[in-house]
Amino acid sequence: MQYIFIYGKNPMLSLAEINAYLEARTKFKLIESTDQFAVIETDFKPDIDDLGGTLKIAEVLTNKNEYDFYNIYKDSTGPFGVSSYGSKNYQNHFTEMIKEQMKSDKMKAGCLHTKEPFVTHTDMINKHTLKKSFEIVACSGKEFYLGKTIGVHNPYEFRKRDLERPKQRAIFSIPPRLCRIMINLAKADGTLLDPFCGIGSVLQEAALMKFKIIGSDLDEKCIRDCVANLVWLEKEYKITIDKKIMQADVKSLPFESNTIDAVVTEPYLGPPLRSAPTMKEAGQIIDEVQPLYEKALEEIYRVLKPGKRAIIIFPFFEVKGKKIRLRASTKLKMIEYFEDFEEHHKTLRQIVIFEKV
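Residue numbering for the sequence shown follows the working numbering, starting at 2 and increasing by one per position.
In structure tokens, the structure reads:
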């Protein structure tokens, strides 16, 4: 079976997550990748809820621009959607084709109207499109792919785990979406450690992904808040979490060597900034956090099992078109890195994939 994955806002990071997610579970073949979507062949059926950086997943129906949609629309009770991605806009073409086929079968042919050539994932969730009806996606790259959407990213669930949990730390909190991407990049199961756990953002997503979680932080209040948030998560999602949460200094982690299956963490990135830093200020922040990173990397290397990954966020800054990065020495092998940030961010995130070899 071939599947279409529609990327989120960071295509390179989305594709890296998809690859890591599938590599950890099954054999697959990347058929095509553009700046909007990937087409992958696999016997494994992907679940959109497992991913943080994918907006939609669709099953490929055909490579032709014609199709008999009867078996898709026969049970429809609401307006359908058509989305087009790639170099050519097929939205009107397939909307009219489906309408004509439905009318010939004496069915109501309501469709979702959009300003863009696609229906957004939020509109599909709000209108319960996949529960009441269906969506067709038409993707044009080197080849043409027509698919039926089988999964849509639900931003409200991620927002709930961020904003509705009892303890907040807004300035320093990492988005749940990014936490899930990073966990997938680790390509692991078993025991996951976050040695800068804060209020538990990474640990929440890892718990939902059935990891045994270990969280540590030097800040005693963060530990209390982390525990409170995990208790809330257990009640809200009716799960039991295998967890150890403790106050500990990352410079001397209380864990035996070679015992951790994955490390996923966002360390201290420097002080919160009200405005973009100057070259001097950016350099000072890098100098401030570098010793912490190097000691943390040393301990992470020690506790991580051989062949396993650590996914760590590094701060960087862009000043007058020049990127100022933190370069910390470590025994860990750097596999790849990705940038992920919004335009309004002053401190930018670099997601680095390390492996213990």
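Positions of the beta carbon are idealized from the N, C-alpha and C atoms, including for glycine. Values in this document were obtained by computation on a predicted structure and should not be read as measured data.
Counting only runs of 3+ residues fully inside the stretch 197-281, write out the beta strand (DSSP E) ranges in chain order.
-> 213-218, 244-248 and 261-266
Which of helix, strand or coil DSSP assigns to G284 | The residue given as residue 284 occupies position 283 in the sequence shown. Correct three-state label for G284: helix.
By Cβ distance, which residues of its chain are closer than 6 Å to F315, with the 5 residues on each side in sequence left out?
-> As a working note, residue 315 is residue 314 in the sequence shown. Cβ neighbours of F315 beyond the five flanking positions: L327, Q351 and V353.
Using a Cβ-Cβ cut-off of 7 Å (strictly less than) and excluding sequence neighbours within five positions of T55, which residues of its own chain qualify?
-> Walking along the sequence shown from the start, residue 55 turns up at place 54. Same-chain partners within the cutoff: F6, I7, Y8, G9, S15, I19, I49 and H154.
Just the Cα atoms here: how many angstroms apart are A311 and E67?
-> For the purposes of this step, residue 311 is taken as residue 310 along the sequence shown, with counting starting at 1. For the purposes of this step, residue 67 is taken as residue 66 along the sequence shown, with counting starting at 1. About 46 Å.
Which term fits K25, buried or exposed, when burial requires 16 or more other beta carbons within 10 angstroms of its beta carbon?
-> Mapped onto the sequence shown, residue 25 falls at position 24. Sequence inspection shows Ala at residue 25; the Lys mentioned does not correspond to that position. By the 10 Å Cβ count, A25 comes out exposed.
Apart from the five residues just before and just after T331, which ones in its own chain have a Cβ nearer than 6 Å to its Cβ?
-> To locate residue 331, count along the sequence shown from 1; it is residue 330. Closer than 6 Å at the Cβ level, and outside the excluded window around T331, lie L298.
Indicate the three-state DSSP secondary structure (helix, strand or coil) for K363 in the structure shown.
-> This structure gives no information on residue 363, because the portion of the chain shown stretches from 2 to 358.
Since L204 contacts L231 with CB under 8 Å, what's their CB separation in whole angstroms?
-> Position 203 of the sequence shown holds residue 204. Position 230 of the sequence shown holds residue 231. So it is a contact: roughly 7 Å between Cβ atoms.
K161: first and last residue of the uninterrupted alpha helix (DSSP H) it sits in = The count along the sequence shown starts at 1 and reaches residue 161 at position 160. Counting along the chain, the alpha helix (DSSP H) containing K161 begins and ends at P156 to L164.
M335 burial status per 10 Å Cβ neighbour count (16 or more: buried) | In the sequence shown, residue 335 corresponds to position 334, counting from 1. M335 is exposed by the Cβ-count criterion.
Relative to the C-alpha of T364, which residue among P307, I200 and D220 is closest?
-> No answer is possible for residue 364: the residues shown for the chain start at 2 and end at 358.
What is the residue span of the beta strand (DSSP E) that Q3 lies within?
-> Walking along the sequence shown from the start, residue 3 turns up at place 2. Note, Q3: beta strand (DSSP E), Q3 to Y8.
Just to confirm, are Y157 and I126 a CB contact at a threshold of 8 Å?
-> Reading the sequence shown from its first residue, position 156 is the one you call residue 157. Reading the sequence shown from its first residue, position 125 is the one you call residue 126. Their beta carbons are under 8 Å apart, which means Y157 touches I126 by this criterion.
Under the assumption that T266 contacts I313 (Cβ atoms under 8 Å), give the Cβ distance between them as a whole number of angstroms.
-> Mapped onto the sequence shown, residue 266 falls at position 265. Mapped onto the sequence shown, residue 313 falls at position 312. Indeed they touch by this definition, with Cβ atoms about 6 Å apart.
Excluding five sequence neighbours on each side, which residues of the same chain lie with their C-beta closer than 6 Å to the C-beta of A249?
-> Here residue 249 refers to the residue found at position 248 of the sequence shown. Here the set comprises S217 and P255.
Residue of Y294, I137, D69 and A207 minimising C-alpha distance to C180 | By one-based count along the sequence shown, residue 180 stands at place 179. The shortest Cα separation from C180 among Y294, I137, D69 and A207 belongs to A207.
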